[in-house]
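Below: the structure, in structure tokens.
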Amino acid sequence: MKILFLDQSGKLGGAELSLTDLAKPYRHHCLVGLFADGTFRELLEHQQIPVQVLTTEPIRVKKDSGIFQSLESMNSLVPLIIKVTQIARDYQLIYANTQKALVVGAFASLFSHRPLVYHLHDILSPDHFSLTNRRIAVTLTNRLASLVITNSQATQTAFIAAGGRSELTKVVYNGFELNSYKTQANDPNHIRKKLGLDGQFIVGHFSRLSPWKGQHILLEALTQCSPEVSAILVGDALFGEQNYVQHLHQQVAELGLKERVQFLGFRSDIVPLMKACDLIAHTSTAPEPFGRVIVEAMLCERPIVAAAGGGVIELIEAEKTGWLFSPNNSPQLAQIITTCRNQPERAATMARQAQSQASQRFNLNTVNQQIAQLLDRVIFTQSLN
Ligand code: UDP
Ligand code: GLC
């Protein structure tokens with residue numbers, strides 16, 4: 002099947018890592034069209050997935066844009082829509098992976114008569130999107146998409162609550178290449194020593210630095226834990242959240258945590274780093290649509306604690322495959338960190354259970370087969386019309 006994938010980002014967020022895994026089986030017949038250049042293009046090229054940067058003009062709609070900004074941005078979208086329409090004629094299906102990709106893909110689908118699939122990775126709620134942006138996404142999807150793949154039930158529910166047609170939706174969780182998480186190549190103790198954290202209880206936080214990812218909640222919790230608990234913050238500000246980064250550094254200084262917190266920036270060696278941690282914390286303050294990091298922690302057989310919101314509660318069985326705490330509740334998080342540290346056998350049992358369950362539920366091969374069947378059906382239905 003010939004697929005034109007579209008994604009607005011040049012950077013490596015979860016939606017882009019997920020698309021890389023989905024596009025791989027189609028690499029001889031697909032193109033990934035990007036609306037910005039960057040490390041995402043490099044990763045696709047490295048994986049031998051055809052990629053083209055379709056524009057380097059920034060599209061000025063933000064997640065909280067109002068109607069006027071959105072209309073204004075349409076001007077810059079017109080040449081892109083024309084280009085994508087032309088390209089789409091060589092493909093059987095347009096697969097939009099982000100919201101701006103949906104806008105461009107919807108019009109290109111209309112003009113090129115190619116079916117449109119929208120992979121919705123975001124929760125369309127006021128926490129994440131302005132009313133205007135939610136309306137645009139829902140209206141275009143309802144009118145022009147043949148299928149909406151949502152990354153969790155929470156994402157599906159929010160789409161329907163925003164006015165989306167439920168019959169278009171299908172929940173498909175992210176899949177993961179299980180072998181990548183089995184590697185024993187790097188000795189966890191070596192990494193701990195290299196970080197200067199030997200003997201410490203290490204809590205790992207693996208997320209881009211952004212206020213709603215809640216790194217500040219983990220810092221608050223640390224002050225309520227033993228001084229032998231340290232944290233590594235892995236990830237960078239991907240979308241210009243420099244003020245937040247500054248705020249985090251200031252918070253570390255003010256709380257006297259300099260010896261206990263390390264900022265490691267964006268890393269591509271997530272697996273060995275996770276394996277060097279005693280616990281992985283996921284601290285989103287707004288509902289997380291899916292949360293790849295949670296599944297990755299499980300596949301690395303590391304204990305996980307996560308804020309109970311959005312898709313997270315579909316991933317973790319409380320007290321069986323991980324711990325849940327109320328979003329923003331740093332004392333509760335601190336208590337769980339302490340429990341995990343004091344009860345290593347219980348934590349190891351939970352991590353083992355999580356590893357086994359996650360390997361069953363989030364196997365990339367199964368997920369890719371599921372998606373292939375859904376796309377076949379879209380093409381088949383289109384051929385009947
Ligand atoms: N990640 C990474 N390097 C980093 C930080 C994060 O490769 O330094 C990866 C992480 O392993 C995960 C993805 O980025 O696969 C983030 O996806 P998630 O769904 O957790 O959150 P998002 O940022 O997409 O909202
Ligand atoms: C988005 C969401 C994240 C999800 C990822 C992959 O980036 O914010 O929760 O895990 O997409 O679906």
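Numbering (the working numbering), first residue to last: 2 to 386.
In this text, a Cβ means the ideal position worked out from N, Cα and C, and glycines have one as well.
- For C31, the secondary structure class from DSSP, reduced to helix, strand or coil, is strand.
- Secondary structure note for S331: its alpha helix (DSSP H) is the uninterrupted segment S331 to N343.
- With contact defined as three or more Cβ pairs closer than 8 Å, the region 173 to 185 and the region 290 to 303 are in contact.
- By the C-beta density criterion, E221 is buried, having at least 16 other C-beta atoms within 10 angstroms.
- Counting along the chain, the unbroken beta strand (DSSP E) around L94 starts and ends at L94 to A97.
- Taking the C-beta atoms as reference points, K171 is found no nearer than 8 Å to L198.
- Sixteen is the threshold: since fewer than 16 other Cβ atoms of the shown chains lie within 10 Å of the Cβ of L132, the residue is exposed.
- Note that the C-beta distance between L7 and N152 is not below 8 Å.
- With distances taken between CA atoms, N190 lies nearest to M275 out of T142, G241, M275 and P127.
- Not a single unbroken stretch of the beta strand (DSSP E) spanning 3 or more residues falls wholly within the region 179 to 206.
- In the DSSP assignment, I150 is bridged to H120 and K171.
- Between the region 88 to 104 and the region 114 to 124 there are three or more inter-stretch CB-CB distances shorter than 8 Å, so the stretches are counted as touching.
- Looking at the DSSP output, H283 bridges to A307.
- Inclusion of F207 and D237 in the CB contact set at 8 Å is not warranted, their separation being larger than that value.
- In this structure, E46 and V54 do not form a Cβ contact; the two beta carbons are roughly 11 Å apart against a cut-off of 8 Å.
- Cβ atoms of T56 and F36 come within 8 Å of each other, at about 5 Å.
- The beta carbon of V104 lies closer than 7 Å to those of L78, I137 and L141 in the same chain, with the five residues before and after it left out.
- Within the region 6 to 62, the alpha helix (DSSP H) runs of at least 4 residues that lie entirely inside it are, in chain order, 15 to 24 and 40 to 47.
- Every residue with a CB closer than 7 Å to a heavy atom of ligand 2 is listed here in chain order: G14, G15, A16, S19, H122, D123, N152, N175, E289, P290, F291, G292, R293 and G312.
- By the Cβ test, the region 273 to 289 is not in contact with the region 245 to 260, since fewer than three Cβ pairs between them sit closer than 8 Å.
- Collapsing the DSSP output to three states places Q263 in a strand.
- Exclusion of F264 from the 7 Å shell around ligand 1 follows from its C-beta lying no nearer than that to any non-hydrogen atom of the ligand.
- When the alpha-carbon of A107 is set against those of G310, N143 and H129, the nearest one is in N143.
- With respect to F363, F130 sits apart: the two C-beta atoms are not nearer than 8 Å.
- DSSP lists G323 as the beta-bridge partner residues of A319.
- With a 10 Å radius around the Cβ and a threshold of 16 neighbouring Cβ atoms, K195 comes out exposed.
- Its chain contains A97, L103, T142, A146 and V149 as the residues whose beta carbon lies nearer than 6 Å to that of Y119, once the 5 sequence neighbours on both sides are disregarded; these appear in chain order.
- With a cutoff of 8 Å on beta-carbon distance, R342 and V230 are scored as near each other.
- In this structure, S181 has its CB at a distance of at least 7 Å from all heavy atoms of ligand 1.
- Assignment of beta strand (DSSP E) within the region 208 to 263, counting only whole runs of 3 or more residues, yields 230 to 235 in chain order.
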